[in-house]
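>
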Ligand code: ASP
């Protein structure tokens, strides 16, 4: 076994013209979360505890699209979703349609541990949250001014914000990636908030994965994306843990997270090879990205869209935080 490893993401598909200040904020938050996870791993916490801890931190900070700061539905409300999976026993829990639960990832964990089911949604999930005594807040707590503005723009343009699409009409920009002048009719300075995720392999070689999101800006109410779907947005087994981000509909079609594990299991590929294979063979162009760890203490990430907020660290001292290409 190769020791512990951790990776976090703050979503795929970054506005190529993201202001420097926002880039710095994102990097600082990712670094803070990585350090939180690293200390927990050094204290011998189990992978499942570490992914929950890190994702809670990301949900509580309004910067990314999960918990506070979640993307808004077409009605201006928040419907959050999350899932968590523990590799060794392939136990999992998922939630959708949450409107008052402060930390959706912890409710997903309670579904896994305290309910006879794997997935609870909408009023049933809220009832379960009350039964379990988790912290509840008003829906307004999750809604940021920035997201209200973005929803307005999305509505004016009559679009759901897919900022990770590779659109037509490109031009070069400061980040070094090609950028469109307009994206689905929206100016490129407008960017959609991004989903969060964490994958960990602990000192015992156990893998876990967790993903949490508000979904897509201006989504229909009732829409469920890939993030709470085990096998699509999240998966952990004996060999690896995976968390995806990007256009949920494309990730669902590709059963992306499980595919990474499957090609490792059935084709014998290594972690990064498996990630590259799945992105090339199973994912429509420009749609998404993912982070992964293996039970050997490796980390890998891959994306086929304009950037992904991400960070990773391994026991041997390697640590990296990035937004654009490697
Ligand atoms: N995958 C998420 C969804 O479709 C969005 C994201 O990753 O930013 O709900």
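In my numbering, the protein residues as written are 1442 to 1767. Every residue gets a Cβ at the ideal spot worked out from N, C-alpha and C, and that includes glycine.
Among 1659, 1491, 1498, 1763, whose alpha-carbon lies nearest the alpha-carbon of residue 1591?
Within the chain shown, numbered from 1, the residue matching residue 1591 stands at position 150. Shortest Cα-Cα distance from residue 1591 to any of 1659, 1491, 1498, 1763 involves 1659.
> For residue 1654, which three-state DSSP category applies?
Locating residue 1654 in the chain shown gives position 213, counting from the first residue. If DSSP states are grouped into helix, strand and coil, residue 1654 belongs with the strands.
> Could you give the DSSP three-state label for residue 1477: helix, strand or coil?
Locating residue 1477 in the chain shown gives position 36, where the first residue counts as 1. It is helical.
> Apart from the five residues on each side of it in sequence, which residues of its chain come closer than 6 Å, Cβ to Cβ, to residue 1639?
Taking the first residue of the chain shown as position 1, residue 1639 is located at position 198. So the qualifying residues of the chain are 1449, 1492, 1495, 1496, 1651.
> Ignoring anything shorter than 3 residues or poking outside the region 1488-1531, list the beta strand (DSSP E) runs there in chain order.
1521-1527
> For residue 1507 and residue 1513, which I take to be in contact (beta-carbon distance under 8 Å), what is that distance rounded to the nearest angstrom?
Start at 1 with the first residue of the chain shown, and residue 1507 comes out as number 66. Start at 1 with the first residue of the chain shown, and residue 1513 comes out as number 72. About 13 Å; that fails the 8 Å criterion.
> Tell me the rounded alpha-carbon separation between residue 1540 and residue 1580.
The count along the chain shown starts at 1 and reaches residue 1540 at position 99. The count along the chain shown starts at 1 and reaches residue 1580 at position 139. When rounded, the distance between both Cα atoms is 6 Å.
> Should residue 1636 be counted as a contact of the ligand ASP given a C-beta to heavy atom distance under 7 Å?
For the purposes of this step, residue 1636 is taken as residue 195 along the chain shown, with counting starting at 1. Yes, the beta carbon of residue 1636 sits closer than 7 Å to at least one heavy atom of the ligand ASP.
> Hey, residue 1738 and residue 1446: beta-carbon distance below 8 Å or not?
Residue mapping note: residue 1738 aligns to position 297 of the chain shown, counting from 1. Residue mapping note: residue 1446 aligns to position 5 of the chain shown, counting from 1. Yes, Cβ-Cβ distance for residue 1738 and residue 1446 is below 8 Å.
> Measure the Cβ-Cβ separation of residue 1712 and residue 1681 and say whether it is below 8 Å.
In the chain shown, residue 1712 corresponds to position 271, counting from 1. In the chain shown, residue 1681 corresponds to position 240, counting from 1. Yes, these two residues count as a Cβ contact at 8 Å.
> Compare the beta carbon distance of residue 1480 and residue 1546 with 8 Å and say whether it is the shorter of the two.
Taking the chain shown and counting its residues from 1, one reaches residue 1480 at position 39. Taking the chain shown and counting its residues from 1, one reaches residue 1546 at position 105. No.
> Would the region 1696-1710 and the region 1747-1761 be scored as touching if the rule is three or more Cβ pairs under 8 Å?
no
> Identify, in the order they occur along the chain, each residue of the same chain with its Cβ nearer than 6 Å to the Cβ of residue 1588, setting aside the five sequence neighbours on each side.
Looking up residue 1588 in the chain shown gives position 147. Here the set comprises 1513.
> Report the CB separation of residue 1648 from residue 1687 in whole angstroms; it is logged as a contact under 8 Å.
Here residue 1648 is taken as the residue at index 207 of the chain shown, counted from 1. Here residue 1687 is taken as the residue at index 246 of the chain shown, counted from 1. Incorrect: roughly 21 Å between the Cβ atoms, too far for contact.
> Determine the DSSP secondary structure at residue 1761, reduced to helix, strand or coil.
Within the chain shown, the letter at position 320 stands for residue 1761. Looking at residue 1761 - three-state DSSP - the assignment turns out to be strand.
> Within the continuous alpha helix (DSSP H) that includes residue 1591, where are the two ends?
Locating residue 1591 in the chain shown gives position 150, counting from the first residue. Start and end: 1586-1597.
> Would the C-beta of residue 1668 count as close to the ligand ASP, meaning under 7 Å from any of its heavy atoms?
Along the chain shown, one-based indexing puts residue 1668 at 227. Checking every heavy atom of the ligand ASP against the Cβ of residue 1668, one is found closer than 7 Å.
> Any heavy atom of the ligand ASP inside 7 Å of the beta-carbon of residue 1688?
The residue you call residue 1688 lines up with position 247 of the chain shown. Yes, the beta carbon of residue 1688 sits closer than 7 Å to at least one heavy atom of the ligand ASP.
> Would you report the Cα separation of residue 1537 and residue 1564, rounded to the nearest angstrom?
Residue mapping note: residue 1537 aligns to position 96 of the chain shown, counting from 1. Residue mapping note: residue 1564 aligns to position 123 of the chain shown, counting from 1. Each residue's Cα considered, the two are about 10 Å apart.
> Would you kindly work out how many angstroms separate the C-alpha atoms of residue 1558 and residue 1474, rounded to a whole number?
On the chain shown, residue 1558 is found 117 positions in, with the first residue counted as 1. On the chain shown, residue 1474 is found 33 positions in, with the first residue counted as 1. Going from the Cα of residue 1558 to the Cα of residue 1474 covers about 30 Å.
> Considering just the uninterrupted stretch of the beta strand (DSSP E) at residue 1731, what are its terminal residues?
Residue 1731 sits at position 290 when you count from the first residue of the chain shown. Secondary structure note for residue 1731: its beta strand (DSSP E) is the uninterrupted segment 1729-1735.
> Tell me whether residue 1392 counts as near the ligand ASP, meaning its Cβ is closer than 7 Å to at least one heavy atom of that ligand.
Because the chain here runs from 1442 to 1767, residue 1392 falls outside it and cannot be looked at.
> Taking just the CA atoms, how far does residue 1504 sit from residue 1466?
Indexing the chain shown from 1 puts residue 1466 at position 25. Indexing the chain shown from 1 puts residue 1504 at position 63. Distance between the alpha carbons of residue 1466 and residue 1504: 8 Å.
> With DSSP as the reference, identify every bridge partner of residue 1680, one or two as the case may be.
In the chain shown, residue 1680 corresponds to position 239, counting from 1. The partner list for residue 1680 (beta bridge, DSSP) is empty, contrary to what the question assumes.
> Drop a sphere of 10 angstroms on the beta-carbon of residue 1707, count the other beta-carbons inside from all chains shown, and report buried for 16 or more, exposed for fewer.
The residue labelled residue 1707 in the question sits at position 266 within the chain shown. When all chains shown are included, residue 1707 counts as exposed.
> What three-state label does DSSP hand residue 1543 in the structure shown?
The residue you call residue 1543 lines up with position 102 of the chain shown. It is coil, neither helix nor strand.
> Closest to residue 1731 by C-alpha separation, out of 1596, 1667, 1566, 1556, would be which residue?
In the chain shown, counting from the first residue as 1, residue 1731 sits at position 290. Measuring from the Cα of residue 1731, the nearest candidate turns out to be 1667.
> How should residue 1460 be labelled, buried or exposed, when 16 other C-beta atoms within 10 angstroms of its C-beta is the threshold for buried?
To locate residue 1460, count along the chain shown from 1; it is residue 19. By the neighbour-count rule (16 or more Cβ atoms within 10 Å), residue 1460 is not buried but exposed.
> Which residues in the same chain have their Cβ closer than 8 Å to the Cβ of residue 1573, if we skip the five residues on either side of it in sequence?
Taking the first residue of the chain shown as 1, we reach residue 1573 at position 132. Cβ within range, chain order: 1548, 1551, 1555.
> Out of 1483, 1525, 1470, which one is the CA nearest neighbour of residue 1501?
The residue you call residue 1501 lines up with position 60 of the chain shown. Nearest of 1483, 1525, 1470 to residue 1501, Cα basis: 1470.
> Going by the beta-carbon positions, is the gap between residue 1451 and residue 1586 smaller than 8 Å?
Reading the chain shown from its first residue, position 10 is the one you call residue 1451. Reading the chain shown from its first residue, position 145 is the one you call residue 1586. For residue 1451 and residue 1586, no; Cβs fall outside 8 Å.
> Classify residue 1754 as helix, strand or coil using the three-state DSSP reduction.
Translated into the one-based positions of the chain shown, residue 1754 becomes position 313. Of the three classes helix, strand and coil, the one that applies to residue 1754 here is strand, per DSSP.
> Less than 7 Å separating the Cβ of residue 1657 from some heavy atom of the ligand ASP?
Here the question's residue 1657 lines up with position 216 in the chain shown. Residue 1657 Cβ: within cutoff of the ligand ASP.
> Looking only at DSSP bridge pairs, what is residue 1561 linked to?
Along the chain shown, one-based indexing puts residue 1561 at 120. Its beta-bridge partners are 1536.
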